[in-house]
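**Student:** Handing you a structure now.
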Amino acid sequence: MTTTTRAHRDLAAVAKGGSIAAAGAVISAVGGLLLTIVVARGLGAAGAGLFFEAVAVFMIAQSLSTLGADTGLMRALSRARALGQAGETRRLIAVAMIPVALGSLLLAGLLWWLTPWLLDLLANGSSDHGRAEQYVHLMAPFLVVATTATVAAQATRAFGSVVGFVAVQNVLIPLGRPLGIGIAVLAGWTGLVVPLIWTLLFIPALLVAGWTLRRQVRRTDSDEVHPPRPLPQIAREFWAFSAVRGISAAIDVFLVWCGVLLVAAFLTPAEAGVYATASRFITSGTLVLQAMRLAIAPQISALMSTGQTERAGRIYRVATLWIVASSWPLYLALACFSGLLLDLFGPGFGVGATAMSILALAMLVNLGTGNVGTVLLMAGRSHWLLLNKSLAVVTMVGLNLWLVPRYGLEGAAIAWGAAMALDNLIAVVQVRWGLGLRGYNATTAWTCALAVIIYGGGGLLAKATIGEGYLALTAYLLAGTAAYAAVLWHFRARMELGEITRKVG
């Protein structure tokens, strides 16, 4: 097979997996946006702040109890299949799942016990945090279900298909939550029913992910080439990677939710609700980044484990180009019309407009570096990623402590944006000079400039000439998207869009 043929096959696999994952990511983003709207409008700014405080505590606990086994198992299973060691599949799953389940049970108990103390730190003189404590106590028993469901869903990606993962993480949970909570809000059940519905969805998620993984394992039992290694050796190798990844993953989740908790501590539950809503709105738009991550991770793992760095580099580079081309316009539009879009969530949320614009601009760096963290992980450099995340969290906490009391929501946004940029830019240097992979080229830079001119410049022009209402937003999006799409289509060969258009067609 020629190099060109292999390259086309690699991109075809990315396009196929990316198309499925992108469809799921769109559904997930819509579901996440609907959930934020339902919670914001149903509970108000203060109620949303208390709910998202509880969610923040639960998500950080879940990331700790996962122990890095989600990414570790997906990577280990991909490597085992690539190296002819499919006979280790069941042992790998046991090595991952048993410690995760036991650790989750232990952490759920600690979460129940420590929640009153933790939320007292965030109370800032407010008596409303007792409600957040009730929320966390209700959610804590579901921690083991949530964690094992996440690990099982991630493991299904190692078998060459993202369908199982997408069905659980991008469809079932994201759509079930706004539907269930929306019905509860309409019925007037806005107390403990809201966090209960939020957590109950983990049960069917575990059942679907477990059933899918079981079917995949059965189908690959006959693929064994080499006899399985001893269980202690498998466990040592697995946890040497996963434990380090677990710490960095927990830091990653902390980076996402830390701002909400610190805004609650220094300001008010209402302002925490506004910041949580703005930040969730921002992260909902990373659908293409998520889709590409799901599509390329198993391929990068297999190629790097067999020394095919050139092919791995091309996959990373083209995936980054597609991410920039599709996502930068959205975030430039969010930066330009943040106030108008926050009106969707009801009265009192417009005060977060400047913070959301700051976050949208910071997200351009995150998107512009592509799935750089995934490349480090799949190359086995989890300790490099841990260093990056540690520097980022120190930066974020330090800036939050300094800026939030002085500048409020805008200070929190600057802190998260700075930490995000630091994390990604260090990783780019490591991937380029440590692994020899380049995630960008002249075409990527040209695409960034095109998006800034059309969507950044066009947005400012529309606001200056038409105004800041829905008419200006509509005219800007229609004209800008038509011009942008025409230019991309003209340069489709340079953009390597052939595989995507063939899959869509």
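What the sequence shown shows, in the numbering used here, is residues 1433 to 1937, in sequence order.
Here a beta-carbon is modelled for each residue, glycine too, at the ideal position from N, C-alpha and C.
1. Since A1787 contacts A1710 with CB under 8 Å, what's their CB separation in whole angstroms?
2. Which value, in whole angstroms, describes the spacing of the CA atoms of L1841 and R1650?
3. Within 10 angstroms of the Cβ of G1899, are there 16 or more other Cβ atoms? Answer buried if so, exposed if not.
4. Is it the case that the Cβ atoms of A1512 and L1524 are separated by a distance below 8 Å?
5. Roughly how far, in whole angstroms, is the beta-carbon of T1644 from the beta-carbon of T1588, given that I think they are within contact range, below 8 Å?
6. Should T1521 go down as buried or exposed, given a rule of 16 or more other Cβ atoms within 10 Å for buried?
7. Since M1810 is in the alpha helix (DSSP H), which residue starts that stretch and which ends it?
8. For R1924, name the three-state secondary structure that DSSP assigns.
9. Restricting to Cα atoms, I'd like to know which of S1759, N1602 and W1754 is closest to N1873.
10. Quick one: what's got a C-beta closer than 7 Å to M1795's C-beta in the same chain, skipping five residues either side?
11. Which class does P1660 belong to by DSSP, given the choice of helix, strand or coil?
12. What's the call for W1545, buried or exposed, on a 16-neighbour Cβ count within 10 Å?
13. In chain order, what residues of the same chain lie with their CB nearer than 6 Å to the CB of A1845, ignoring the 5 residues before and after it?
14. Rounded to a whole number of angstroms, what is the C-alpha to C-alpha distance between I1459 and Q1648?
15. Taking contact to mean at least 3 C-beta pairs separated by less than 8 Å, is the region 1812-1825 in contact with the region 1680-1689?
16. For the alpha helix (DSSP H) containing S1711, name the first residue and the last one.
17. Can you say whether V1861 is buried or exposed, counting buried as having 16 or more other CB atoms within 10 angstroms of its CB?
18. Measuring alpha carbon to alpha carbon, tell me which residue in G1717, F1490, A1514 and L1638 is nearest L1542.
19. Applying the 10 Å Cβ sphere with the 16-neighbour rule, what's the burial state of Y1567?
20. DSSP on G1849, reduced to helix/strand/coil?
21. Helix, strand or coil: which one does DSSP assign to L1618?
22. Let's test the definition: count the other Cβ atoms within 10 Å of the Cβ of D1775 and tell me whether it reaches 16, buried, or not, exposed.
23. Using DSSP with H/G/I as helix, E/B as strand and the rest coil, what is T1631?
24. Which of the three DSSP states, helix, strand or coil, is assigned to F1686?
25. So Q1731 is in the alpha helix (DSSP H); what residue range does that whole segment cover?
26. Less than 7 Å between the CB of L1537 and some heavy atom of the ligand GDP, yes or no?
27. How big is the Cα-Cα spacing for G1830 and L1693?
**Tutor:** Answer, in terms of the structure:
1. Counting from 1 along the sequence shown, the entry for residue 1787 is found at position 355. Counting from 1 along the sequence shown, the entry for residue 1710 is found at position 278. About 6 Å separates the two Cβ atoms, so the contact holds.
2. Taking the first residue of the sequence shown as 1, we reach residue 1841 at position 409. Taking the first residue of the sequence shown as 1, we reach residue 1650 at position 218. So the two alpha carbons sit approximately 51 Å from each other.
3. In the sequence shown, the residue the question calls residue 1899 occupies position 467. Counting Cβ neighbours within 10 Å, G1899 comes out exposed, since fewer than 16 surround it.
4. On the sequence shown, residue 1512 is found 80 positions in, with the first residue counted as 1. On the sequence shown, residue 1524 is found 92 positions in, with the first residue counted as 1. A contact, by the Cβ cut-off of 8 Å.
5. Position 212 of the sequence shown, counted from the first residue, corresponds to residue 1644. Position 156 of the sequence shown, counted from the first residue, corresponds to residue 1588. Going by Cβ atoms, the distance from T1644 to T1588 rounds to 5 Å, so yes, they are a contact pair.
6. Walking along the sequence shown from the start, residue 1521 turns up at place 89. With 16 or more Cβ atoms within 10 Å of its Cβ, T1521 is classed as buried.
7. Along the sequence shown, one-based indexing puts residue 1810 at 378. Residues V1804 to M1810.
8. For the purposes of this step, residue 1924 is taken as residue 492 along the sequence shown, with counting starting at 1. Residue state, collapsed to three classes: coil.
9. For the purposes of this step, residue 1873 is taken as the residue at position 441 of the sequence shown. Looking at the Cα atoms, W1754 is the closest of the given residues.
10. For the purposes of this step, residue 1795 is identified with residue 363 of the sequence shown, where counting begins at 1. Closer than 7 Å at the Cβ level, and outside the excluded window around M1795, lie I1714 and Y1763.
11. The residue given as residue 1660 occupies position 228 in the sequence shown. Coil at P1660, not helix or strand.
12. Translated into the one-based positions of the sequence shown, residue 1545 becomes position 113. W1545 is exposed by the Cβ-count criterion.
13. If you number the sequence shown from 1, residue 1845 lands on position 413. These residues qualify, in order along the chain: A1787, I1790 and L1791.
14. Here the question's residue 1459 lines up with position 27 in the sequence shown. Here the question's residue 1648 lines up with position 216 in the sequence shown. Approximately 24 Å, taken between the alpha carbons.
15. yes
16. Reading the sequence shown from its first residue, position 279 is the one you call residue 1711. Here the alpha helix (DSSP H) through S1711 covers P1701 to T1715.
17. Taking the first residue of the sequence shown as position 1, residue 1861 is located at position 429. V1861 should be labelled exposed.
18. Position 110 of the sequence shown, counting from 1, holds the residue named residue 1542. When only C-alpha atoms are compared, the closest one is F1490.
19. Sequence index remark: in the sequence shown, residue 1567 carries index 135 (1-based). Answer is buried; the Cβ neighbour count reaches 16.
20. In the sequence shown, residue 1849 corresponds to position 417, counting from 1. Helix at G1849.
21. Here residue 1618 refers to the residue found at position 186 of the sequence shown. Three-state result, L1618: helix.
22. Translated into positions along the sequence shown, residue 1775 becomes position 343. D1775 comes out exposed.
23. Locating residue 1631 in the sequence shown gives position 199, where the first residue counts as 1. T1631 falls in the helix class under three-state DSSP.
24. Residue 1686 sits at position 254 when you count from the first residue of the sequence shown. DSSP places F1686 in helix when its eight states are reduced to three.
25. To locate residue 1731, count along the sequence shown from 1; it is residue 299. Unbroken alpha helix (DSSP H) run through Q1731: L1719 to S1737.
26. Of the ligands one can find in the structure shown there are none, so the ligand GDP has no counterpart to examine.
27. Position 398 of the sequence shown holds residue 1830. Position 261 of the sequence shown holds residue 1693. Near 14 Å, if we compare the C-alpha coordinates of L1693 and G1830.
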